[in-house]
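One structure is given below, encoded as C-alpha cells.
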Amino acid sequence: MAPPLVFVYLGLELPEYTRAALRFGARGHQGRTVLLTNCRWESDVESEYEVENIQPWYDSSPFQSFRDSTTLDPHFRGGFWLHVVERFFILRQFMVKEQCKSLFHAELDVMVFDLFGVAEACNRHGTGIFAVMDDPTRALASLFYVNSGEKFDH
Numbered sequence: 110m111a112p113p114l115v116f117v118y119l120g121l122e123l124p125e126y127t128r129a130a131l132r133f134g135a136r137g138h139q140g141r142t143v144l145l146t147n148c149r150w151e152s153d154v155e156s157e158y159e160v161e162n163i164q165p166w167y168d169s170s171p172f173q174s175f176r177d178s179t180t181l182d183p184h185f186r187g188g189f190w191l192h193v194v195e196r197f198f199i200l201r202q203f204m205v206k207e208q209c210k211s212l213f214h215a216e217l218d219v220m221v222f223d224l225f226g227v228a229e230a231c232n233r234h235g236t237g238i239f240a241v242m243d244d245p246t247r248a249l250a251s252l253f254y255v256n257s258g259e260k261f262d263h
C-alpha cells in the first residue's frame with residue numbers, strides 16, 4: 110500500500126490555494142492525500158483528497174513540553190517556528206492513529222507533481238527521514254518522506 114501524502118495546516122483560515130494544492134498532490138502519487146487541520150472546512154461532494162479535523166485526536170501536551178523547553182523564538186513572525194515544529198507532533202500522532210509506517214508530508218504552498226517511485230527508492234536506501242536539501246548542509250521540511258516512526262520520534 111502506498112504511503113499517504115499528508116498536509117498540515119494550523120491557523121484561522123485556510124489559504125485560497127488549498128484545494129489546488131490538494132488536487133495536484135492527489136494526482137501526483139498513488140496513496141491517499143490528506144489535509145490535517147484545525148480549521149473549518151466545507152468539504153467537496155467528491156474529491157480526490159480527505160480533510161480531517163485534528164481536534165478530536167491530537168494531544169498537544171508533548172508539543173507543549175517541547176515549547177516550554179525550546180530556545181526557538183516564540184515571537185518570530187507570530188510563532189512561525191513553533192507552528193513549523195508542531196506539525197511534526199501532529200504528523201507523528203497521525204502515523205500512530207492510522208498505524209501507518211510511512212508518509213509523505215508537504216506544505217500547502219508546495220505543488221506536488223510526481224512522487225511515483227519516490228517511496229520505493231527511499232526505502233531501498235534506508236530508514237529515516239528523507240528531505241529536500243537546498244544546500245549540502247541544510248534540509249527543508251517543505252517536502253519530506255518518513256519511513257520510520259522511531260527515527261521520526263528522535
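When you number the sequence shown by our numbering, it's gap-free, plus one each residue, and the end is 263. Ideal placement from N, C-alpha and C gives every residue a C-beta, glycine not left out. All values derive from a computational prediction rather than experimental measurement.
Asparagine 264 in three-state terms, based on DSSP: Here the chain covers residues 110 to 263 and nothing more, so residue 264 does not appear.
Spatially closest choice to serine 178 from Asn256, Leu191, Ala129, Ala228, by CA coordinates: Here the question's residue 178 lines up with position 69 in the sequence shown. When only C-alpha atoms are compared, the closest one is Leu191.
Under 9 Å between C-beta atoms of asparagine 256 and alanine 228: Position 147 of the sequence shown, counted from the first residue, corresponds to residue 256. Position 119 of the sequence shown, counted from the first residue, corresponds to residue 228. Contact flag set, yes.
Cβ pair count under 8 Å reaching 3, the segment 193-213 against the segment 164-184: The way I'd put it, the segment 193-213 does touch the segment 164-184; three or more beta-carbon pairs between them come closer than 8 Å.
CA-to-CA distance, asparagine 162 to leucine 299, given in whole angstroms: The structure shown has nothing for residue 299, since the chain only spans 110 to 263.
Those runs of the alpha helix (DSSP H) which lie wholly inside the segment 180-226 and span at least 4 residues: 189-207
Beta strand (DSSP E) segment containing leucine 114, residue limits: Numbered from its first residue, the sequence shown carries residue 114 at position 5. Its beta strand (DSSP E) spans residues 114-118.
CA-to-CA distance, leucine 252 to phenylalanine 261, given in whole angstroms: As a position in the sequence shown, residue 261 is number 152, starting the count at 1. As a position in the sequence shown, residue 252 is number 143, starting the count at 1. For phenylalanine 261 and leucine 252, the distance between alpha carbons rounds to 14 Å.
Alpha-carbon spacing of isoleucine 199 relative to valine 143, whole angstroms: Numbered from 1 along the sequence shown, position 90 holds the residue referred to as residue 199. Numbered from 1 along the sequence shown, position 34 holds the residue referred to as residue 143. Roughly 13 Å between the two C-alpha positions.
Validate contact between the segment 230-250 and the segment 132-140 using beta carbons, cut 8 Å, 3 pairs: No, the segment 230-250 is not in contact with the segment 132-140.
Reduced DSSP category for arginine 128 - H, G, I as helix; E, B as strand; rest coil: Along the sequence shown, read from residue 1 onward, the residue named residue 128 stands at position 19. The answer is helix: DSSP assigns arginine 128 an H, G or I state.
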